[in-house]
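Residue numbers (this note's numbering): 5 to 153.
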């Protein structure tokens, strides 16, 4: 069975509106300072300047807390999923897995999320987290369940 190519949904046209409204009121993006730097059908890149305040001290130096690493990976995958939706659809995460390959240190982090496969009811996504040197720090996969908006 050959998978269909990932195509933009109606919501992809709303990306500009989403970017403009994300700063209104309290939300995770505003609180942490996440910023979406790239969009494409089935893809989303999120960057974050992680500071020592978002981690803890170890003998090897400061490390960003794993839940926050998960949050940026989840945001990249969610954004990728969003680009494939029509306006009458929304999604909820049914499953989320993260692998931490090495400690995530303070600095600019980049999470790249992609849609691996989309069906009528489920979207499978993946993401990888990189530091400024391009080193892969963590990877994630999730299953998004589609619902009526």
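Backbone N, C-alpha and C define an ideal beta-carbon position, used for all residues, glycine too. Please read these numbers as outputs of a predicted model, since none were measured by experiment.
| task | Using 10 angstroms around the beta-carbon of residue 32, count the other beta-carbons present and answer buried if the total reaches 16, otherwise exposed. | result | When all chains shown are included, residue 32 counts as exposed.
Exercise. Run through DSSP, which three-state label would residue 10 get?
Worked result: Three-state result, residue 10: coil.
Residues near residue 76 by beta carbon distance below 7 Å, same chain, minus five either side: 38, 50, 52, 113, 115 and 133
*Nearest neighbour of residue 130, chosen from 78, 136 and 139 [CA to CA]*: 78
| said: Considering only their Cβ atoms, is the gap separating residue 106 from residue 72 smaller than 8 Å? | reply: no
Keeping to the same chain, check which residues put their C-beta closer than 8 Å to that of residue 208; ignore five residues upstream and five downstream. Residue 208 lies beyond the residue range present for the chain, which begins at 5 and ends at 153; the question has no answer from this structure.
Rounding to the nearest angstrom, what Cα-Cα distance links residue 128 and residue 61 in this structure?
35 Å
Any beta carbon of chain C sitting closer than 8 Å to that of residue 96?
Checking the listed chains, one finds no chain C in this structure; it contains a single protein chain.
From 84, 146, 68 and 109, pick the residue whose C-alpha is nearest to that of residue 10; which is it?
84
Exercise. Where residue 40 and residue 48 are concerned, what is the direct C-alpha to C-alpha distance, given to the nearest angstrom?
Worked result: Whole-angstrom Cα-Cα distance: 7 Å.
* Which residues bound the beta strand (DSSP E) around residue 115? -> 111 to 122
Taking DSSP as the reference, what is the three-state secondary structure of residue 16?
Judged by DSSP in its simplified three-state form, residue 16 adopts helix.
| query | Is the beta carbon of residue 122 less than 8 Å from the beta carbon of residue 15? | reply | Taking 8 Å as the Cβ cut-off, residue 122 and residue 15 do not qualify as a contacting pair.
Exercise for review: My understanding is that residue 63 touches residue 110, with C-beta atoms under 8 Å, so please give their C-beta distance in whole angstroms.
Suggested key: Between residue 110 and residue 63 the Cβ distance is about 16 Å, and since that is not below 8 Å, they are no contact.
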